[in-house]
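The structure appears below as structure tokens.
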Ligand SMILES: Cc1cc2nc3c(=O)[nH]c(=O)nc-3n(C[C@H](O)[C@H](O)[C@H](O)COP(=O)(O)O)c2cc1C
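In the working numbering, the protein residues as written are 933 to 1097.
In structure tokens form, the structure reads like this:
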């Protein structure tokens, strides 16, 4: 799941590079660009599954959840926006709510997660927001953390590689 509001942007390149390596290692990878498939945030209406689908809101989440259903691993890939995840990917993350409740009617088979973030800043502390949010998710969901990559010093499009922190 990547952000990529800018086509060909750094988060797009980061996701593509990760996917290329994973495919070369024999994995099947689907990339969902939340910046180009924008969706509403979770309304906390509690209507999950009432329509037979995980969410009652009809938007681009309808393209995401069939991919989520198949996935063994979820990789979040975002640019830093105000020291955090971009709003586009955050909305998509919040739409995982139907699978996150303690008494959830259905869960995902995801077992592992990974975090990729790029940003203009050269400082590791600038990446602390998404790092901390991500740190707590695997514990809550029982997912195994497979690592984080922070690419620093990238601003204009197609400027990867920056420096990996
Ligand atoms: C609204 C907005 C907020 C941003 N906030 C930060 C920030 O807090 N820290 C940072 O290092 N870069 C920040 N940036 C720069 C982007 O993280 C950087 O340009 C990144 O490469 C954009 O990803 P993209 O190429 O996939 O669009 C911001 C960019 C935008 C548009």
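Glycine included, C-beta positions come from ideal geometry on N, C-alpha and C.
All figures in this text were calculated on a predicted structure; none of them were measured in a lab.
Check	Outcome
Any non-hydrogen atom of ligand 1 within 6 Å of residue 1089 CB	yes
Residue burial classification, residue 1020 (beta-carbon count within 10 angstroms, cutoff 16)	buried
Close beta carbons around residue 1004, own chain, < 8 Å, minus the five adjacent residues each side	1041, 1042, 1043, 1044
Inter-residue Cα distance where the pair is residue 979 and residue 1054	42 Å
Residue range of the unbroken alpha helix (DSSP H) whose run includes residue 1062	1060-1073
Contact the region 1010-1020 vs the region 938-951: 3+ CB pairs below 8 Å	yes
Element boundaries [beta strand (DSSP E), containing residue 1082]	1076-1084
Beta-carbon proximity check, residue 1016 vs residue 971, cutoff 7 Å	no
Residues of its chain near residue 1037, where Cβ-Cβ distance is below 6 Å and the 5 sequence neighbours each way are ignored	981
Residue 1087 versus 1049, 974, 1061, residue with shortest Cα-Cα distance	1049
Nearest residue (CA-CA) to residue 1085, options 1030, 968, 1097	1097
Three-state class that DSSP yields for residue 996 in the structure shown	helix
Beta-carbon gap between residue 1074 and residue 1046 smaller than 7 Å	no
For residue 1016: DSSP bridge partner residues	1013
Classification of residue 1027 by the beta-carbon crowding that lies within 10 angstroms, buried from 16 upward	buried
C-alpha distance - residue 950 paired with residue 1052, whole-angstrom precision	20 Å
beta-carbon residue 1050 near ligand 1 non-hydrogen atom, thresh 6 Å	yes
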